Amino acid sequence: MRALLKEALLPAGAILAALGLFGLFVSFAGASPVEVWLILFKGAFGDWFSWQNTLQRAAPLMLTALCVAIPARAGLTIIGGEGALVLGGLAAAALGHALPLSGLAGSVLVCAAGAVAGALWIALAGWLRQWRGVNETISSLLLAYVAIGLFKHLVEGPLRDPSSLNKPSTHALADSLRIGGIAGSDIHWGLVLGVVACLAAALWLRWTVSGFSVRVVGGNLRAAQLVGLPAARLILLACALGGAAAGIAGAVEVAAVHTSANASLIAGYGYAGILVAFIARQQPLAVIPVAVLFGGFGAAGSLLQRRLGLPDASVLVLQGIAFVLVLGSEALRGYDWKAALLRLRHSSPAAPAAVTP
Amino acid sequence: MSADQAIALLAGILGGALRVGAPFLFVSLGECITEKAGRINLGLEGVLVLSAMAAFGGAYVSGSVWIGVLVAMLAGAALATLHGVLCSLPRVNDVATGIALMLLGMGLAFYLGKPLIQPQAPQLVPLELGNWSSSPAVKAALQINPLVPLGALLALGLWWAFANSRAGLLVRMAGDSADAARALGYSVPAIRIAATAAGGLVAGLGGACLTLFYPGSWNEGVSSGQGLIAVALVIFARWSPLRCVGAALLFGGAGAIGPALQSIGIGWGYHLFNIVPYVLTLLILVLSCKPGQLAAGAPGAFSTR
Chain G
403 MRALLKEALL PAGAILAALG LFGLFVSFAG ASPVEVWLIL FKGAFGDWFS
453 WQNTLQRAAP LMLTALCVAI PARAGLTIIG GEGALVLGGL AAAALGHALP
503 LSGLAGSVLV CAAGAVAGAL WIALAGWLRQ WRGVNETISS LLLAYVAIGL
553 FKHLVEGPLR DPSSLNKPST HALADSLRIG GIAGSDIHWG LVLGVVACLA
603 AALWLRWTVS GFSVRVVGGN LRAAQLVGLP AARLILLACA LGGAAAGIAG
653 AVEVAAVHTS ANASLIAGYG YAGILVAFIA RQQPLAVIPV AVLFGGFGAA
703 GSLLQRRLGL PDASVLVLQG IAFVLVLGSE ALRGYDWKAA LLRLRHSSPA
753 APAAVTP
Chain S
2 MSADQAIALL AGILGGALRV GAPFLFVSLG ECITEKAGRI NLGLEGVLVL
52 SAMAAFGGAY VSGSVWIGVL VAMLAGAALA TLHGVLCSLP RVNDVATGIA
102 LMLLGMGLAF YLGKPLIQPQ APQLVPLELG NWSSSPAVKA ALQINPLVPL
152 GALLALGLWW AFANSRAGLL VRMAGDSADA ARALGYSVPA IRIAATAAGG
202 LVAGLGGACL TLFYPGSWNE GVSSGQGLIA VALVIFARWS PLRCVGAALL
252 FGGAGAIGPA LQSIGIGWGY HLFNIVPYVL TLLILVLSCK PGQLAAGAPG
302 AFSTR
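Note that the protein sequences, when read in sequence, are chains G and S.
Start counting the first sequence at 403; every next residue gets the next number (my numbering).
Start counting the second sequence at 2; every next residue gets the next number (my numbering).
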């Protein structure tokens, strides 16, 4: 427990510092920092309505963060979760329209279609790295742009519902396939799916042989190869699992929020997921609270816009500052605070003594 | 397709190569400088978006397009310097920092650029090189961004400097053999920070091309991954500034296929043609990378990764 707290101290401090810097930043636009902090809190966690909004956003964030965190444990920096998400959503909508599915089994199949699409897409980036040594960070982001292009082409062309005039969309999912709210709230079952996925990923990495092997591959590839682990296959597996998580995020967004695949699906959850995963230090369990926190900031964004007239991108600025500070705070890891304090205490009384003759 | 249409299409692609390729050229030159010193700056995508906004804002507020260009360069250098300094801290990974700066640069640009979406800023005056032709399509294609010849000169200058100047050799030494630089008493982090900042300065010119020439206005979709494609392009250009020019034109041409087809009335598959540059980049990466082996011409610092 103490070790856990110590581990969380640096990122938490960095996020607090980011909130402070963000307050300074918005004060240039004439907004009062204190008011901004209050609204951020109120819009995120202030009442039941904000909580619903927050948790609705946290669900896809958990899943897209896993798309970064699981491959990261195998030593890969994958940042193309947005591509897996949109293709997952598209596959879910297409399957729901193509086959006469219904009920819970139908919903599961629709989500599975999203998972398969996402898994294949991210595994492609992993395969390119294994096969040709192509840098997976660049290739996964390029693949995300390709995925978005394909998505737009299919949604505005072959898969378009002719009755969607202003906003090209696919055919809407049948009512029985949609994912509803939990106990009548706006929080849909996707949140449960996200939490379960994070727990499952943590258990898998911690307690199973294949999960442990993935961590060995990520920790020291040469050692893994020396003891005969199938490194290539494990890397592909980690990529596919991560992609599947992001694909499910897309499927859930379609089945629970948008009802059909359209441009609203391209909302940047894939990119925010990168940030969540890095702040959670690629630990699936830590992803859950971090996703809730950043889901909250996202939910508070529209309140900032309405109350203070700040641009909607102010949340992006906060995210960017937090990301930079969390990465920078790594430099302080293992810094000996006690020794520094002692040095300070010893040097401060000594300094005036040296000046007085 | 009639002969006129074919000429219009070809001219559209050629002109597009020069127009669309300009940001690629500057970002890839910037990344080239950075990587020669042994660092990767994935944040150049953020630099590109932020400097595009800064260029437009600077030109709009001051009324002078060249002040806009200057502001873009400074904004790019500032963000890149942050990258350089952060990466010099212990245990800070340059790829992760690049991703963070990509998000930060875009966030800052969207936030500060909100009031700039409506207005019109003064634009760079094109060099009219097509007056010899009677075809309006050719004339339109050869209206050249004045920054493009500047970029070509810069590439030539960099190529010369990397081989002959003291600063160029220092940058290469920091990238190829940090120990040698240290042995000669130079600070490797300082050289790398300076090279990253210079890279951001040059990449800022690419941002200026986006909002001050083509497409010529500021909106949140002004760049969709050009900065990142340019990073991949440096691998394709084997870290040579001269080859960056050719690569940028090739990618500009690939990116111009969609709009060129649309201009002659072929609207089908617009989004498909727009993904051609990304697919081309992936193909080139597949062809130019070899597993377990460093790409030809790579700075030595990348071999330890």
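C-beta: ideal position from N, C-alpha, C; glycine also.
Remember, it's a predicted structure, so these values are computed and weren't measured experimentally.
For residue j and residue i, believed in contact at Cβ under 8 Å, the rounded distance
| i | j | result |
| --- | --- | --- |
| Leu155(S) | Leu30(S) | 6 Å |
| Gly490(G) | Ala653(G) | 5 Å |
| Leu234(S) | Ala73(S) | Contact doesn't hold; Cβ gap of about 20 Å is too wide. |
| Gly520(G) | Ala486(G) | 4 Å |
| Ala603(G) | Pro691(G) | That belief does not hold up - the Cβ atoms of Ala603(G) and Pro691(G) are roughly 15 Å apart, past 8 Å. |
| Ala53(S) | Thr197(S) | Not a contact, Cβ separation roughly 19 Å. |
| Ile676(G) | Val470(G) | 5 Å |
Alpha-carbon spacing of residue i relative to residue j, whole angstroms
| i | j | result |
| --- | --- | --- |
| Glu538(G) | Gly482(G) | 9 Å |
| Ile417(G) | Gly722(G) | 11 Å |
| Leu130(S) | Pro147(S) | 11 Å |
| Ile8(S) | Tyr112(S) | 42 Å |
| Ser662(G) | Met464(G) | 21 Å |
| Ala494(G) | Trp529(G) | 24 Å |
| Val86(S) | Ile194(S) | 6 Å |
| Pro473(G) | Arg531(G) | 12 Å |
| Gly217(S) | Ala576(G) | 44 Å |
| Lys554(G) | Val70(S) | 34 Å |
| Gly301(S) | Leu49(S) | 27 Å |
| Leu109(S) | Val438(G) | 17 Å |
| Leu628(G) | Ala651(G) | 37 Å |
| Leu593(G) | Cys290(S) | 40 Å |
| Gly222(S) | Cys600(G) | 33 Å |
| His573(G) | Val189(S) | 58 Å |
| Ala546(G) | Ile100(S) | 15 Å |
| Ser225(S) | Thr466(G) | 20 Å |
| Trp606(G) | Ser612(G) | 8 Å |
| Gly114(S) | Met107(S) | 10 Å |
| Leu288(S) | Leu157(S) | 26 Å |
DSSP state of residue i mapped onto helix, strand, coil
| i | result |
| --- | --- |
| Asn664(G) | strand |
| Phe214(S) | coil |
| Glu732(G) | helix |
| Glu221(S) | coil |
| His590(G) | strand |
| Gly613(G) | helix |
| Gly583(G) | strand |
| Leu567(G) | coil |
| Gln144(S) | strand |
| Leu623(G) | helix |
| Arg92(S) | coil |
| Leu128(S) | strand |
| Thr572(G) | strand |
| Arg531(G) | helix |
| Tyr187(S) | coil |
Span of the alpha helix (DSSP H), counted from its first residue to its last, around residue i
| i | result |
| --- | --- |
| Ile118(S) | Careful: Ile118(S) lies outside any alpha helix (DSSP H) and carries neither H nor E. |
| Arg239(S) | Element bounds for Arg239(S): n/a, residue is neither H nor E. |
| Thr35(S) | 4-37 |
| Ile41(S) | Element bounds for Ile41(S): n/a, residue is neither H nor E. |
| Met464(G) | 450-475 |
| Pro413(G) | 404-429 |
| Arg562(G) | No alpha helix (DSSP H) contains Arg562(G), which DSSP labels as neither H nor E. |
| Asp738(G) | Neither: Asp738(G) is in no alpha helix (DSSP H) and is coded neither H nor E. |
| Phe303(S) | Here Phe303(S) belongs to no alpha helix (DSSP H), and DSSP marks it neither H nor E. |
| Tyr673(G) | 671-681 |
| Pro292(S) | From DSSP, Pro292(S) is part of no alpha helix (DSSP H); its letter is neither H nor E. |
| Leu440(G) | 435-447 |
| Leu695(G) | 686-710 |
At least three beta-carbon pairs within less than 8 Å, the segment 640-660 of chain G to the segment 441-454 of chain G: no
Meets three-Cβ-pair contact criterion under 8 Å: the segment 524-538 of chain G and the segment 474-481 of chain G: yes
Pairing CB atoms from the segment 132-139 of chain S with CB atoms from the segment 7-25 of chain S, are three or more of them under 8 Å? yes
Are the segment 223-234 of chain S and the segment 274-288 of chain S touching by the rule of at least three beta carbon pairs closer than 8 Å? yes
Report yes or no: do the segment 241-249 of chain S and the segment 54-65 of chain S share at least 3 C-beta pairs separated by less than 8 Å? no
Do the segment 617-634 of chain G and the segment 431-448 of chain G make contact, defined as three or more Cβ pairs closer than 8 Å? no
Taking contact to mean 3 or more Cβ pairs, one atom from each stretch, closer than 8 Å, check whether the segment 87-104 of chain S and the segment 729-747 of chain G are in contact. yes
Tell me whether the segment 424-434 of chain G and the segment 676-685 of chain G touch, counting them as touching only if at least three CB pairs, one residue from each stretch, are closer than 8 Å. no
Taking contact to mean at least 3 C-beta pairs separated by less than 8 Å, is the segment 697-710 of chain G in contact with the segment 408-415 of chain G? no
Are at least three pairs of beta-carbons, each pair with one atom in the segment 252-271 of chain S and one in the segment 17-37 of chain S, less than 8 Å apart? yes
Under 9 Å, CB to CB, which of the residues in the segment 219-252 of chain S have a partner in chain A? Note that chain A does not occur in the displayed structure, where the protein chains are G and S.
Meets three-Cβ-pair contact criterion under 8 Å: the segment 713-729 of chain G and the segment 119-129 of chain S: no
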